[in-house]
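Student:
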């Protein structure tokens, strides 16, 4: 496969910045061309990591949903609505098995599966007020480190866009995704 | 284009009448907000991309102005698209016409028009009524004509006087004015005015103004906050292109910890650098962008304005509110100018609310507008989602302290 995607993006960015923008007279067009160039620069930095980002999330969401189901299995007082959500998670795990070699699947399969799992986790979160206090406390304890991992990962992903006033304090996304040269799924 | 990975995502991309009705029931908000949000959803299935070609705008605008003034001898010239901004398409033009006083005059005007879908879906009649209400109270542009339906130009719009001044200091190239840097001398000149105008907004008797498009919440009740949260929860559930556990958790927290509002006031909703303008003699001569205004708790504005992510980081690690002053100084001055007492507990509630709102606007709606190719700023809308994810991170860090 050649040229590589990074080369295409880099060529387009240079052309827009050095050829197109200096010759634009309309301020609105200049502003938009600058945004396109910035977007291309960002894509150049992250394009080779998108698949692994989704793959890592796939493992993380499978892990947290398994933990929630295990929690519910050990709780007698879970409300019916929560049990129904739990059953939907089991259905999803039939479509994308926990031990499936998902890294061999196409990107869109993984992305779709992740979206289903995110929606199911959000339903559990919405159902927190229905949970008895003990169950809710246990659920919150499970979610706390999970929320932390999401926010660190996402903030690193968008770090290069330049909006983060604390960008220098955020890890590079490659340092979060990989460990010892492999996808860092042990952290999940 | 992306696939619909789940039924929820399909409903959001191709909303049916039944689904729109269910969303309306689930997240009650003000009448006119319900009107624009429902309209947005009904239009969403229209496959047409937003048309960025405005070659026929001049003809349509001239015809509208002739009709609305009842004058065939108007002269309209120099129609230009403005750069900057993140939500509405803006154009300037010069108009010569016979004004109400009978004198024939020329004035530079601004046309502010909705794209097919915006980063914030708002009502031009609300904005127009609020600008009228603020006329003579704080510096604002004068509104001449409003069309909240949008038939004459294809989209809803308002036309107001164009004020000369500076929004971004020289060298400022910040998207939508976020994180703008003012030199110390300019900070000193502007900071008190900045706080005074907000204090004034919060002390205006809004019931005496012609704000018929705004619903009036009850005092000493949660109604105003229920409408505010309902507004942004609804927008999240209409626009998000993926589910997000932190945002969902924040919504749950905001519902469960909602305070009542003792005395509702006019809330600007987007009071920050980028949304005011100053003259060469360093006077704030316009407070802009009233489209998110509503009646609610003054703490909502205070939290939003002092939100770190909207501020200007300095080399020493501190952050200036709107690039002008520290959060502590801002709150001290606000209490002094308004007579209102800041309640730290309410302020914290609205800190969470502000980051939630930033997340909804920047992650959900900006992505959705670009997804449907429905704005004149699709590239920028994608880029702004990065701002939103930084906001979600800050939101989670706040919730960790709750």
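Chains as they are written, first to last, in the numbering used here: chain A, 1 to 188; chain B, 1001 to 1402. In this text, a Cβ means the ideal position worked out from N, Cα and C, and glycines have one as well.
(1) Using a beta-carbon distance cut-off of less than 7 Å, what residues from the stretch 96-128 of chain A approach chain B?
(2) What is the residue span of the alpha helix (DSSP H) that residue 1366 (chain B) lies within?
(3) Compare the Cα-Cα distances from residue 1098 (chain B) to each of B:1321, B:1133, B:1370 and B:1073 and report the closest residue.
(4) Along chain A, which residues have their Cβ under 7 Å away from the Cβ of residue 1313 (chain B)?
(5) Which partner residues does residue 1338 (chain B) have in the DSSP bridge list?
(6) So, under 8 Å CB-CB, residue 1115 (chain B) and residue 1375 (chain B) are touching, yes? Tell me the CB distance rounded to an integer number of Å.
(7) Go to residue 1226 (chain B), then tell me how far its alpha helix (DSSP H) extends in each direction, as first and last residue.
(8) Which chain B residues sit within Cβ distance under 7 Å of residue 155 (chain A)?
(9) Would the stretch 1258-1270 of chain B and the stretch 1231-1240 of chain B be scored as touching if the rule is three or more Cβ pairs under 8 Å?
(10) Between which two residues does the alpha helix (DSSP H) harbouring residue 1400 (chain B) extend?
(11) Along chain B, which residues have their Cβ under 9 Å away from the Cβ of residue 83 (chain A)?
(12) With a Cβ-Cβ cutoff of 8 Å, do residue 55 (chain A) and residue 120 (chain A) count as a contact?
(13) Please tell me whether residue 27 (chain A) has its Cβ less than 8 Å away from any Cβ of chain B.
(14) Is the number of C-beta pairs between the stretch 1210-1218 of chain B and the stretch 1306-1321 of chain B that are closer than 8 Å three or more?
(15) Would a check of beta-carbon distances place residue 175 (chain A) closer than 8 Å to chain B?
(16) Could you please give the first and the last residue of the uninterrupted beta strand (DSSP E) stretch that includes residue 1278 (chain B)?
(17) Residue 44 (chain A) and residue 18 (chain A) look like a contact to me (Cβ under 8 Å); what is the Cβ gap, rounded to whole Å?
(18) Can you pull out the residues from the stretch 29-49 of chain A whose beta carbon lies closer than 7 Å to at least one beta carbon of chain B?
(19) For residue 111 (chain A), count neighbouring Cβ atoms within 10 angstroms of its own Cβ and tell me buried if that reaches 16, exposed if not.
(20) Could you tell me the alpha carbon to alpha carbon distance between residue 1033 (chain B) and residue 1122 (chain B), rounded to whole angstroms?
(21) Does residue 171 (chain A) come within less than 8 Å of chain B when only Cβ atoms are used?
(22) Just reading off the beta strand (DSSP E) that residue 1090 (chain B) is part of, what are its end residues?
(23) Taking three-plus beta-carbon pairs below 8 Å as touching, is the stretch 1347-1356 of chain B in contact with the stretch 1004-1024 of chain B?
(24) Write down every uninterrupted run of the beta strand (DSSP E) in the stretch 1021-1083 of chain B whose length is 3 residues or greater and which is fully enclosed by it, in chain order.
(25) Terminal residues of the continuous beta strand (DSSP E) containing residue 1159 (chain B)?
(26) Could you tell me which chain B residues have their CB closer than 8 Å to the CB of residue 68 (chain A), listed as they occur along the chain?
(27) Helix, strand or coil: which one does DSSP assign to residue 173 (chain A)?
(28) On a Cα-Cα basis, can you pick out the residue from B:1077, B:1020, B:1382 and B:1094 that is closest to residue 161 (chain A)?
(29) Where residue 1373 (chain B) and residue 1241 (chain B) are concerned, what is the direct C-alpha to C-alpha distance, given to the nearest angstrom?
(30) From B:1129, B:1109, B:1391 and B:1040, pick the residue whose C-alpha is nearest to that of residue 1207 (chain B); which is it?
(31) DSSP state of residue 1 (chain A), grouped into three classes?
(32) Give me the DSSP bridge partner(s) of residue 1110 (chain B).
(33) Which residue or residues does DSSP assign as beta-bridge partners of residue 1296 (chain B)?
(34) If I follow the unbroken beta strand (DSSP E) through residue 1147 (chain B), where does it start and stop?
(35) Considering only their Cβ atoms, is the gap separating residue 32 (chain A) from residue 1252 (chain B) smaller than 8 Å?
(36) To which residues of the same chain is residue 1071 (chain B) closer than 7 Å at the C-beta, ignoring the five residues directly before and after it?
Tutor: Well, looking at it:
(1) 108, 111, 112, 115, 116, 118, 119, 121, 122, 125, 126 and 128
(2) 1366-1371
(3) B:1073
(4) 165
(5) According to DSSP, which records beta bridges pairwise, residue 1338 (chain B) is partnered with nothing at all.
(6) 4 Å
(7) 1223-1239
(8) 1389, 1390 and 1393
(9) no
(10) 1378-1401
(11) The contacting residues do not exist; residue 83 (chain A) stays about 19 Å from chain B at best.
(12) no
(13) yes
(14) no
(15) no
(16) 1276-1278
(17) At roughly 16 Å, the Cβ-Cβ gap does not stay under 8 Å, so residue 44 (chain A) and residue 18 (chain A) are not in contact.
(18) 31, 32, 35, 36, 38 and 39
(19) buried
(20) 7 Å
(21) no
(22) 1089-1098
(23) no
(24) 1075-1081
(25) 1157-1161
(26) Chain B residues near residue 68 (chain A): none, gap ~11 Å exceeds 8 Å.
(27) helix
(28) B:1382
(29) 14 Å
(30) B:1129
(31) coil
(32) B:1092 and B:1160
(33) B:1265
(34) 1143-1147
(35) no
(36) 1097 and 1098
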